[in-house]
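In case it helps, my numbering puts the sequence shown at residues 332 to 1041. Heads up: the structure comes next, in structure tokens.
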Amino acid sequence: KSISVFSFPQVLLLTCAEDLECVPGFQQKVFYIEKPFEFTEDQLVLNLKFDDCKGNNKLNFEVSNPDFTVDLDGSLVALKNVSEVGRALFVHARSEHAEDMAEIFILEANEKRGALKEILKLEGNLGIPRQKRAILATPILIPENQRPPFPRLVGKVIRSEGTEGVKFRLSGKGVDQDPKGIFRINEMNGDVSVTRTLDREAIANYELEVEVVDMNGKTIDGPVRLDISVIDQNDNRPMFKEGPYVGHVMEGSATGTTVMRMTAFDADDASTDNALLRYNILKQTPTKPSPNMFYIDPEKGDIVTVVSPALLDRETMESPKYELVIEAKDMGGMDVGLTGTATATILIDDKNDHPPEFTKKEFQATVKEGVTGVIVNLTVGDRDDPATGAWRAVYSIINGNPGQSFEIHTNPQTNEGMLSVVKPLDYEISAFHTLLIKVENEDPLIPDIAYGPSSTATVQITVEDVNEGPVFHPNPMTVTKQENIPVGSVVLTVNATDPDTLQHQTIRYSVYKDPAGWLEINPTNGTVGTTAVLDRESPFVHNNVYTALFLAIDSGNPPATGTGTLHITLEDVNDNVPSLYPTLAKVCDDAKDLRVVVLGASDKDLHPNTDPFKFELSKQSGPEKLWRINRLNNTHAQVILLQNLKKANYNIPISVTDSGKPPLTNTTELRLQVCTCKKSKMDCSATDALHISLTLILLSLLSLFCKSFA
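As structure tokens, then:
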């Protein structure tokens, strides 16, 4: 009889295989194989027998190592050449009525299989790290999404030295650490149970620790690591998370051109078929010119073109935008796989394969002479994308514009060429103009396309004659005159001509703007004369220049008018007397500094009719002189008292003479107030009542002198 160790979610026990009736699950649960130098692709490793005792309906196998698979007949086969697989493989089987797990231990050539007691002594528990050999804690595999009832037995921890007088203790994340209470262990026999449904996508593995303690809680054996792995189920649909998905491909691209890549995500175990995705195009809109314009690589998700470059013509398509419904299916694309969909938008980008063409070969335009602005809009057609430089037009004048009188610009909304006159045209010079216009695109044409005759057009422009206003020569007109010239003097004679040389018209003149009212003009011959004195110091004169405007009016119907500007530069004469400032000064009656005031002089005239000025006091009479005046510079002088005066008002006549030829003199009285000063305060209140002037003093002295001789 062969001894086998059975480990399945409900129970772990030792039994004789010949004594069992049909027990759902693997008929042998533990296998030992000698490790070869390499497992080769398609190599049969061993045969597993699973029986749920009800026909094995919907039987499915999962292998812990993705490099191996189990066929429906139980054959464990290597999927590729494998040299390193670890110390054990675990196979999980599930049908409609049962599920179970088998363990395949891989032994080195110098290891021997023996009794259970010898197996337990294998270091590391056949690949599982251990600290003490007395505890055997084999890895536990638990399918996710199990249904109640709970708790459910999932495995067993064995102590080789027996369990009498000792207890098992389980700890770690999922037991006494968050999330707490998921797993628990029977203290007496080591049975491990799960208390709720597990979700592999939340936590895929749990690393717990098992130890054996005595009745007082003192550790006897361990701790030993117990690994619990959650077996993935296909419970997550593929999802496209990176949308929107928009790709671009140039029209005329070669067959097989990659447009874009679609990538879906599946939260299931990436090492299983549950997350093995395959891509497919479910729908294409529109379906013309071909219902299969694109192909998607089922494994990579790359979308490529599959039609010829001729069919990928943007201008002949129903729409330059295609929408593809992309399906991602897990389970390697098998019918049982879950699906997710997304829409991929593919835009056919335009290239400049159509030159712009004028809608007609010749355009007509009419413009009045002397007028500027847009005179005609040139229309073109272009089959390329209006949103690109392959459609936007660029116009140029290639002939007929030697004077640069015309310019052409593109209307950004309509793509039309706006032909403008930028320099006024003259009918008398040329009544007709012929322009040759060329149109191109902002973007260059593709190499095998060229601009043809339709990309040029002729514009015939007719200039209409209008009655133009006379023109002054020169304009502006300038003349220099001395101010104060006699009224009626001739300033100058203006000259205006009519540009309408083909019309025989007469010209009359008139004053348009004469701010000071100083001028008149002969309406027939244009002679300008004075009607008043020209004054350089007038507020109407700026920087010595007086400006007036005149009109020249022709005899057309209606008459046309031209405007001429006259600038008269006025030369200065000495016609303004100088003025004195200030005219009031104050001084304390006990002042120690008898320098009363500094006087300044100014003159409206220009040099040399202004400074240097000459300052003088009127002649003083009496027993003694009271003040004097000292010249400081060309424009200033200082009045100085010769002694302290009593509190009173004094009027001092001072004359100022400029340097003109002949010179002009102005006499101004300086009012001097002598005030009482105490504690830095000046009191001049009583001085008004004591108004004394030099003139009155002289008159009083003269009266007394006359009486003495009477």
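Even glycine gets a Cβ: it sits at the ideal position worked out from N, Cα and C. This structure is a prediction, so every number in the text was calculated from the model and none was measured.
Classify residue i as helix, strand or coil using the three-state DSSP reduction.
| i | result |
| --- | --- |
| G887 | coil |
| E646 | helix |
| K448 | Only weak support is given to the placement of K448: the predicted model assigns it a pLDDT of 39, under 50, and the question is left unresolved by the model. |
| N456 | Note that N456 scores 42 on pLDDT, short of 50, meaning its location in the model is unreliable and no value can be drawn from it. |
| D604 | helix |
| G663 | helix |
| V656 | strand |
| P984 | strand |
| P784 | helix |
| S869 | coil |
| S1016 | helix |
| M581 | strand |
| S841 | strand |
| R621 | Arg is not the amino acid found at residue 621; the sequence shown has Ser there. Here S621 sits in coil by DSSP. |
| R609 | strand |
| P474 | strand |
| F881 | strand |
| R418 | coil |
| L1025 | Residue placement at L1025 is flagged as unreliable, the pLDDT there being 41, under the threshold of 50; the coordinate-derived value follows with that caveat. Residue state, collapsed to three classes: helix. |
| K812 | strand |
Going along the chain, which residues of its own chain have a beta-carbon closer than 7 angstroms to the beta-carbon of residue i, five neighbours each way excluded?
| i | result |
| --- | --- |
| G458 | Residue confidence is low: G458 scores 40 on pLDDT, short of 50, so the model does not pin down where it sits. No coordinate-derived value is stated. |
| V394 | T400, V401, L420, V422 |
| V864 | N815, V818 |
| C1015 | K917, Q1004, C1006 |
| S650 | P617 |
| L642 | P620, S621 |
Go through its chain and collect everything with a Cβ distance to residue i's Cβ below 6 angstroms, but skip five positions before and after it.
| i | result |
| --- | --- |
| T710 | T690, E747 |
| A916 | V927, V928, L1003 |
| K652 | L678 |
| A762 | V794 |
| N965 | D942, P943 |
Below 8 angstroms CB to CB, which residues in the same chain sit around residue i once its five sequence neighbours on both sides are set aside?
| i | result |
| --- | --- |
| P807 | G895, T896, L897, H898 |
| A1020 | The pLDDT assigned to A1020 is 42, lower than 50, so where the model puts this residue is not dependable, and the model offers no usable value. |
| I513 | G505, V506, V525, T526, R527, L529, Y537 |
| D920 | N975, L976, K977, K978, V1005, C1006, T1007, C1008 |
| L911 | L930, G931, A932, I985, V987, N997, T999, L1001 |
| E540 | L501, S502, G503, G553, P554, V555, R556, L557 |
With DSSP as the reference, identify every bridge partner of residue i, one or two as the case may be.
| i | result |
| --- | --- |
| D431 | A424 |
| K389 | Partner(s): none; K389 has no beta bridge. |
| Y726 | V770 |
| E688 | G712 |
| L776 | Beta-bridge pairing links L776 to no other residue. |
| S502 | E540 |
| T999 | I985 |
| D633 | R592 |
| C384 | According to DSSP, C384 bridges with nothing at all. |
| K1009 | K1012 |
| Q836 | Bridge partners of Q836: none, in fact. |
| D545 | V497 |
| I437 | I364 |
Beta strand (DSSP E) containing residue i: first to last residue?
| i | result |
| --- | --- |
| C353 | Element bounds for C353: n/a, residue is neither H nor E. |
| F737 | 737-741 |
| C919 | 915-919 |
| L377 | 375-378 |
| W849 | Premise fails: W849 is in no beta strand (DSSP E) and is neither H nor E. |
| P807 | It is not in any beta strand (DSSP E) - P807 carries neither H nor E in the DSSP assignment. |
| P554 | 550-562 |
| Q969 | 967-972 |
| N961 | 958-962 |
| K699 | 693-699 |
| F946 | 945-948 |
| F514 | 514-516 |
| K487 | 483-487 |
| M749 | 748-752 |
Open item on the list: Could you check whether the region 692-705 touches the region 615-635, counting it as contact only if at least three pairs of C-beta atoms, one from each stretch, sit closer than 8 angstroms?
Closed with: no
Open item on the list: Under 8 angstroms: do the region 614-622 and the region 582-593 share three or more Cβ pairs, one atom per stretch?
Closed with: no
Task: Cβ contact check for the region 747-755 and the region 696-703: 3 or more pairs under 8 angstroms - done: yes
Task: Any 3 or more C-beta pairs closer than 8 angstroms across the region 810-827 and the region 901-915 - done: yes
Open item on the list: Could you check whether the region 406-413 touches the region 368-383, counting it as contact only if at least three pairs of C-beta atoms, one from each stretch, sit closer than 8 angstroms?
Closed with: yes
Task: At least three beta-carbon pairs within less than 8 angstroms, the region 871-890 to the region 783-790 - done: no
- [ ] Mind the definition here: the region 565-583 touches the region 667-678 only if three or more C-beta pairs lie below 8 angstroms; say whether that holds.
- [x] yes
TODO: Would you check if there are 3 or more beta carbon pairs closer than 8 angstroms linking the region 823-830 to the region 855-872?
DONE: yes
Task: Segment contact, 8 angstroms Cβ cut-off, at least three pairs: the region 541-560 with the region 577-586 - done: no
TODO: Flag this pair as touching only if the region 734-748 and the region 642-658 have three or more C-beta atom pairs under 8 angstroms; answer yes or no.
DONE: no
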